Ligand code: NCD
């Protein structure tokens, strides 16, 4: 089995079969990661550059670890300390790196569409590690993997995505993936943080009431407010946001069933999630991080099979 694409630019262009193939391959790599020797030779002689033009902790370490577990050669780039500060363009930077015989590029960039632009101009395989407000495909894949691991299935599962839907690339990739795989999605947050035509455009439900949304769902994926991507005042204060949309232990305890709480990180404790929720057994946040390595191994492995 092969992926239908040479690059992973987003979930939007993946088929259901691509998603299933990535998730089942990730299950095998998760098993590898439980062994005393966690390293396999699959990507020996493949060289990968991790190009991070925007801050990252989890995604960056997760990709680097996935690459090393697959025996790839890895180089890391971050804008501070690079020639970007001397005025070099993205394309020039990448072409210079590729001339050193690099096979794959993992790119995080604040501009939506940056990986798509690169894919049109360079021969290497590109993996989008988050582009502006557009997509973060490996995050949605690891979220789906975690849901499947917990509930056995994606089809028919009720997922609430809560928070800054408008500026979050995690919400877009999750919506594409979950709706393709037959899950039911409701987005919840202040009206100013939810795009107006999201129901018609993406086939999701909208509910501005947090309690009602939590009562409905099996899984709550709670998102950070992307203050760095907002250039106007969209809600009164973080304190009031927490009162209306913060997920608290009291709220969870008032529900009829025990739901699963997810978050892509970084969490602003006391804003979108209360501390005791984050640390409770309902939260699978650290399992998401753990699963991220296996999912990224699967993506790198399947894409390298296509380019070699
Ligand atoms: C997310 C991102 O960068 O889009 N983080 C991540 O990759 N785990 C979410 C966020 O920054 O809020």
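In our numbering, the protein residues as written are 242 to 549.
Note that the Cβ used here is the ideal one computed from N, Cα and C, for glycine as well.
No experiment lies behind these values; they were computed from the predicted model shown.
Contact test: residue i Cβ vs the ligand SAM heavy atom, cutoff 7 Å
i           : result
residue 507 : The ligand SAM is absent from the structure shown, which contains only the ligand NCD.
Length of the line joining the Cα atoms of residue i and residue j
i           : j           : result
residue 515 : residue 400 : 20 Å
residue 543 : residue 368 : 12 Å
residue 449 : residue 336 : 46 Å
residue 439 : residue 281 : 42 Å
residue 475 : residue 465 : 14 Å
residue 262 : residue 242 : 8 Å
residue 318 : residue 330 : 14 Å
residue 548 : residue 260 : Since pLDDT at residue 548 reaches only 49, below the 50 mark, its modelled position is unreliable, and the value read off the structure follows with that caveat. Approximately 19 Å, taken between the alpha carbons.
residue 253 : residue 269 : 25 Å
residue 286 : residue 348 : 20 Å
residue 421 : residue 257 : 6 Å
residue 277 : residue 395 : 31 Å
residue 355 : residue 328 : 17 Å
Cβ-based neighbour list, residue i, same chain, cut-off 6 Å, excluding 5 preceding and 5 following
i           : result
residue 308 : 289, 315
residue 505 : 380, 411
residue 246 : none
residue 264 : 386
residue 443 : 416
residue 320 : 294
residue 545 : 284, 287
Proximity of residue i and residue j at Cβ, strictly below 8 Å
i           : j           : result
residue 410 : residue 376 : yes
residue 436 : residue 406 : yes
residue 539 : residue 267 : yes
residue 283 : residue 312 : yes
residue 279 : residue 310 : yes
residue 341 : residue 541 : no
residue 463 : residue 488 : yes
residue 455 : residue 492 : yes
residue 298 : residue 432 : no
residue 512 : residue 483 : yes
residue 521 : residue 490 : yes
Heavy atom of the ligand NCD within 7 Å of residue i beta-carbon
i           : result
residue 397 : no
residue 512 : no
residue 537 : no
residue 464 : yes
residue 243 : no
residue 480 : no
residue 335 : no
residue 297 : yes
residue 410 : yes
residue 371 : yes
residue 377 : yes
residue 467 : yes
residue 528 : no
residue 471 : no
residue 387 : no
residue 320 : no
residue 380 : yes
residue 256 : no
residue 433 : no
residue 300 : yes
Assumed close pair residue i, residue j - CB separation to whole angstroms, cut-off 8 Å
i           : j           : result
residue 272 : residue 291 : Not a contact, Cβ separation roughly 25 Å.
residue 397 : residue 371 : That pair is no contact at about 29 Å.
residue 460 : residue 503 : 6 Å
residue 294 : residue 357 : With 8 Å as the limit, residue 294 and residue 357 do not qualify as a contact, their Cβ atoms being about 15 Å apart.
residue 404 : residue 430 : 5 Å
residue 244 : residue 378 : With 8 Å as the limit, residue 244 and residue 378 do not qualify as a contact, their Cβ atoms being about 12 Å apart.
residue 324 : residue 334 : 7 Å
residue 451 : residue 485 : 7 Å
residue 550 : residue 391 : Absent from the structure is residue 550, since the part of the chain shown begins at 242 and ends at 549.
Same chain, Cβ closer than 7 Å to residue i, neighbours up to 5 away in sequence not counted
i           : result
residue 478 : none
residue 383 : 529, 532, 533, 536
residue 362 : 332
residue 408 : 374, 467, 470, 471
Close Cβ partners of residue i (< 8 Å) along its chain, the five nearest in sequence each way excluded
i           : result
residue 500 : 455, 458, 459, 460, 461, 493, 523
residue 359 : 331, 332, 335, 346, 348, 367
residue 496 : 455, 456
residue 343 : 288, 289, 290, 316, 365
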